[in-house]
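**Q** Protein chains in written order, with our numbering: chain C, 4 to 193; chain V, 4 to 193.
Number of protein chains: 2
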Amino acid sequence: MSLRNAVMAALLDGGASGYDLAKTFDAAVANFWICTPQQLYRELDRMEADGLITARTVEQQRRPNKRLFTLTAKGAEELTAFTAQQHKPTAIRDELLVAVLAADHGDLEAVKASIRERRQWAEAKVERYERLRAKLLDGRTEDDFLATAERVGPYLTLLRGLSFERDNVRWCAKSLTVLERRGARLDAPT
Amino acid sequence: MSLRNAVMAALLDGGASGYDLAKTFDAAVANFWICTPQQLYRELDRMEADGLITARTVEQQRRPNKRLFTLTAKGAEELTAFTAQQHKPTAIRDELLVAVLAADHGDLEAVKASIRERRQWAEAKVERYERLRAKLLDGRTEDDFLATAERVGPYLTLLRGLSFERDNVRWCAKSLTVLERRGARLDAPT
DNA sequence: CTGACCTAGTCAACAAGTTGAGTATGTGAG
DNA sequence: CTCACATACTCAACTTGTTGACTAGGTCAG
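Right, here's the structure in full:
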């Protein structure tokens, strides 16, 4: 039920097609909600059926037609109702952590390789989020931005994604150090 | 498919009943994987059918019988194979963030209340994880522990959970400040 | 002029996660 | 003596999320 709220929140910035959302989700929402295009299209159809959004077919030259979705009054209302609800806390739910938990009885080298790969991925995400942040700030200081911007929500959620990935980088580095030292100890015990 | 790997990783410490797991998951695994008891029991049945674990019924005086599950050789093998796999990165997937994203067009007061509640929850988690950490360390320094412990996996995953919740606390505090200042500005614009 | 990649989707099948209720016994507080 | 709470589960229905394959036109490099 939350995907639809995430979609509605994304549509606050104006209309978008399913394809747009599938792409820009990666920039605007993906720091805290990921989904496949298939999920998105299915949800969009349902949301249209429920009257939360309306679709307008836009004919394009040199491109396939697309359906532009916009939030309806009912959609905006439901979104507001959602913001008024209580929200369950979530945990991380990461396969890599499961692998690390079992690393002592598993393939230590492979786990280390996975952590290295994850660190790189997280570093790339950090850079991406920082570029997005700079774009949002648009030369202003944070205080200035927060005082003048129409919406602060996207900035705050971006900050959360940013610090999450920074934390990932730090944790990956620390875990690698620990596991490498451990590998050394096991290879050459005194 | 990852729940079963998480369960197997949890069983590395020795056998446990479904009920035990449902409870101790909260301590050992819940920092990165949450599930309901129902999910757990269903998965345990399937895992037994697949020969990854074996169940031994333990009759107890003054308590209902319980089934004690232990990892089989096949289970340990599959777990090792899992650690050798690549693992997709995950995002946060948090309803509260969806609400914050939409906060500018939603019920600002309710969102602030939700953030406050979340901060308290996260603070409680931090304390809990710190107690767990102290218990794992058992008086030793971290270096000492890492050099002597049989398994470092549980410690590393605990650290991840800990820093995630610390980050949550920081983010909640910052967001509250921002939203409160904003509320003030909107109530009394110059 | 061909083959790879981009736009803009759709369909079907399945796996995983959530919700709500129900069973049965024992312990401890008031 | 009763009621809440803990142990130790089970069942069914439902909603979400994932995977893989498929359509169909346009662009651009070699």
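C-beta: ideal position from N, C-alpha, C; glycine also.
Identify whether T27(C) lies in helix, strand or coil by the three-state DSSP scheme.
**A** Reduced to three states, the DSSP call for T27(C) is helix.
**Q** Going by DSSP, name the residue or residues bridged to M20(C).
**A** Note that residue 20(C) is Ser in the sequence shown here, rather than Met. For S20(C), which the question treats as bridged, DSSP gives the partners L71(C).
**Q** For the alpha helix (DSSP H) that contains A59(V), what are its first and last residues?
**A** The sequence shown places Arg at residue 59(V), not Ala. From DSSP, R59(V) is part of no alpha helix (DSSP H) but of the beta strand (DSSP E) over I56 to V61.
**Q** Determine the extent of the alpha helix (DSSP H) in which F148(C) is found, giving its start and end residues.
**A** Residues E145 to T151.
**Q** By the 10 Å Cβ neighbour count, where 16 or more other Cβ atoms means buried, how is E128(V) classified, buried or exposed?
**A** Here residue 128(V) turns out to be Lys, not Glu, going by the sequence shown. With 16 or more Cβ atoms within 10 Å of its Cβ, K128(V) is classed as buried.
**Q** How would you write the range of the alpha helix (DSSP H) that V78(V) sits in, first residue to last?
**A** The sequence shown places Gly at residue 78(V), rather than the Val named in the question. Looking at the DSSP string, the run of the alpha helix (DSSP H) that includes G78(V) is A76 to A87.
**Q** Can you tell me whether D48(C) is helix, strand or coil according to DSSP?
**A** D48(C) falls in the helix class under three-state DSSP.
**Q** Note the first and the last residue of the continuous alpha helix (DSSP H) segment covering I95(V).
**A** Per DSSP, I95(V) belongs to no alpha helix (DSSP H) and is neither H nor E.
**Q** Can you tell me which of the three DSSP states L15(V) falls into?
**A** Three-state result, L15(V): coil.
**Q** Where do the ends of the alpha helix (DSSP H) carrying W124(C) lie?
**A** Where W124(C) is concerned, the enclosing alpha helix (DSSP H) stretches over L111 to L140.
**Q** Check C38(C) in the structure and name its three-state DSSP category.
**A** Three-state DSSP puts C38(C) in coil, outside helix and strand.
**Q** Among E126(C), S178(C), E81(C) and R96(C), which one has its Cα closest to the Cα of I37(C)?
**A** I37(C) has its Cα closest to that of R96(C), out of E126(C), S178(C), E81(C) and R96(C).
**Q** Helix, strand or coil: how does DSSP classify D170(C) here?
**A** Reduced to three states, the DSSP call for D170(C) is helix.
**Q** Out of L71(V), E168(V), S117(V) and K77(V), point me to the one whose CA is closest to G54(V)'s CA.
**A** That would be K77(V), whose Cα lies nearest to the Cα of G54(V).
**Q** Between Q88(V) and the ligand FMN, is there a pair consisting of the residue's CB and a ligand heavy atom that are separated by less than 7 Å?
**A** Questions concerning the ligand FMN fall outside what the structure shown contains, since it holds no ligand whatsoever.
**Q** Rounded to whole angstroms, what's the CA-CA distance from P40(V) to Q123(C)? Just pull it up for me.
**A** Using only the alpha carbons, I get a separation of about 36 Å.
**Q** What whole-angstrom Cβ distance do T86(V) and A106(C) have, given they're in contact under 8 Å?
**A** T86(V) to A106(C), Cβ: 6 Å. Contact.
**Q** Tell whether a beta-carbon distance below 8 Å holds between S166(V) and I118(V).
**A** No; because the gap between Cβ atoms is not below 8 Å, this pair is not in contact.
**Q** Alpha carbon to alpha carbon, how far is A137(V) from R143(V)?
**A** Those two C-alpha atoms are separated by around 9 Å.
**Q** In chain order, what residues of the stretch 78-103 of chain V put their CB closer than 9 Å to some CB of chain C?
**A** From the stretch 78-103 of chain V, only A79, L82, T83, A84, F85, T86, A87, Q88, Q89, H90, K91, P92, T93, A94, I95, R96, D97, E98, L99, L100, V101, A102 and V103 have a Cβ closer than 9 Å to chain C.
**Q** Thinking C-alpha only, which one of V155(C), T60(C) and A79(C) is nearest M11(C)?
**A** Of the candidates V155(C), T60(C) and A79(C), the one whose C-alpha sits nearest the C-alpha of M11(C) is A79(C).
**Q** Is F28(V) close to chain C, meaning its C-beta is less than 8 Å from at least one C-beta of that chain?
**A** Not an interface residue.
**Q** To the nearest angstrom, how far is it from the Cα of Y44(C) to the Cα of G21(C)?
**A** Each residue's alpha carbon lies about 6 Å from the other.
**Q** A181(V) and L149(C) look like a contact to me (Cβ under 8 Å); what is the Cβ gap, rounded to whole Å?
**A** Just to set this straight, residue 181(V) is Val in the shown sequence, not Ala. 6 Å between Cβ atoms; contact.
**Q** CA-CA distance, E112(V) and E183(V)?
**A** Answer to the nearest angstrom: the Cα atoms are 9 Å apart.
**Q** Which class does V32(C) belong to by DSSP, given the choice of helix, strand or coil?
**A** Here V32(C) sits in coil by DSSP.
**Q** Does chain V have any CB closer than 8 Å to the CB of L149(C)?
**A** Yes, L149(C) counts as interfacial toward chain V.
**Q** Does the CB of D141(V) have a neighbour CB from chain C at under 8 Å?
**A** No, D141(V) lies away from the interface with chain C (no Cβ there is under 8 Å from its Cβ).
**Q** Comparing the C-beta of D107(C) with each C-beta of chain V, is any distance below 8 Å?
**A** Yes, D107(C) counts as interfacial toward chain V.
**Q** Which residue's Cα is closest to the Cα of T73(V): R66(V), R65(V), P67(V) and V61(V)?
**A** Of the listed residues, the one whose Cα sits closest to T73(V) is V61(V).
**Q** Once you ignore the five residues that flank L14(C) on each side, which residues in its own chain have a CB closer than 6 Å to its CB?
**A** Within the same chain, L14(C) has close Cβ partners L74.
**Q** Of the choices G164(C), D23(C), L135(C) and W174(C), whose alpha-carbon is the least far from that of R173(V)?
**A** The residue with the shortest Cα to Cα distance from R173(V) is G164(C).
**Q** So I56(V) contacts chain C; which residues on that side make the cut at Cβ distance below 8 Å?
**A** Near I56(V) there are no residues of chain C at all, since even the closest Cβ is about 14 Å away, more than 8 Å.
**Q** Can the beta-carbon of L6(C) be found less than 8 Å from the beta-carbon of E46(C)?
**A** Closer than 8 Å, so yes.
**Q** Between the alpha carbons of A125(V) and L82(V), how many angstroms are there, rounded?
**A** If I take the Cα positions, the gap works out to 31 Å.
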